[in-house]
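Structure first, commentary second.
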Amino acid sequence: MARLREFDDKKALATVRDLFWKQGFEGTSYADLSNATGLGRGSLYAAFGDKHALYRMALSLYIDEEVQGAVDVLEDTSHSGAKAIEAYLNLVVDAADVRGDRRGCFLCNAAIDMAADDENTGAMVRDAMNAMRDALLSALEETDVPDRAGSAEHLLSVYAGMRTMARCGLEITQLTRARDAALSALG
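Okay, so the sequence shown: first residue is 145 according to the numbering used here, each after it adds one.
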């Protein structure tokens, strides 16, 4: 008779996500994963596969929660496109300032750490970035910005840059200046 799993997959995966988000793929050992989750190496392998598969599952969870949350903010029709973009950029400022979250962006970290070497991770990163770009494009439809595609890509890069600035501990005033400069380009 097969032994039943005695742990919460979702809780374990959230723990793994947070560890990879903070330490990156190379900076996280199987011992780190085992210690953080309280699961043995065999249990981790049986539940999630190898380290690459586990990393992609953790990234997928991040995309489902954090990236989709950012897209939802941009697609919120209760206010103008410009206000949606302001709320989108405020996600970074608020995370760093109010919650003290200085982990940056797991998606950006994955783009740097893994996307070039792991085709599956690269595709996940591109798809998530494109989803945010598309949501930015939709929000920009309500503005007078002439080059919406270029502006959407610029705003996406500002968002990623701000997340990186937060990760390396730059001052909140620097994040707000970056946000304000990006918003001023909207008119």
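Cβ atoms here follow ideal geometry from the backbone N, Cα and C, with glycine treated the same way.
Item: Distance CB(Ala322)-CB(Gly305) smaller than 9 angstroms; Value: yes
Item: Euclidean distance between Cα positions of Gly244 and Arg307; Value: 12 angstroms
Item: Touching by the beta-carbon criterion (3+ pairs, under 8 angstroms), the segment 175 to 188 and the segment 266 to 273; Value: no
Item: Short Cβ contact (9 angstroms threshold) for Thr265 with Met258; Value: yes
Item: Phe192 to Ala158 span [Cα, whole Å]; Value: 13 angstroms
Item: Exposure of Ala310, with buried meaning 16 or more beta-carbon neighbours within 10 Å; Value: buried
Item: Status (buried if at least 16 other CB within 10 Å, exposed otherwise) for Leu228; Value: In the sequence as presented, Leu is not what sits at residue 228; that position holds Ala. Counting Cβ neighbours within 10 Å, Ala228 comes out buried, since at least 16 surround it.
Item: Spatial neighbours of Leu163 in its chain, beta-carbon cut-off 7 angstroms, leaving aside the 5 residues before and after; Value: Thr172, Asp176, Leu177 and Ala180
Item: Check whether Leu280 and Tyr232 have beta carbons under 9 angstroms apart; Value: yes
Item: Per-residue DSSP class, three states only, for His298; Value: helix
Item: Nonlocal neighbours in the same chain, by C-beta distance under 7 angstroms from Met201, ignoring five residues either side; Value: Leu157 and Phe192
Item: Check whether Leu327 and Ala283 have beta carbons under 9 angstroms apart; Value: no
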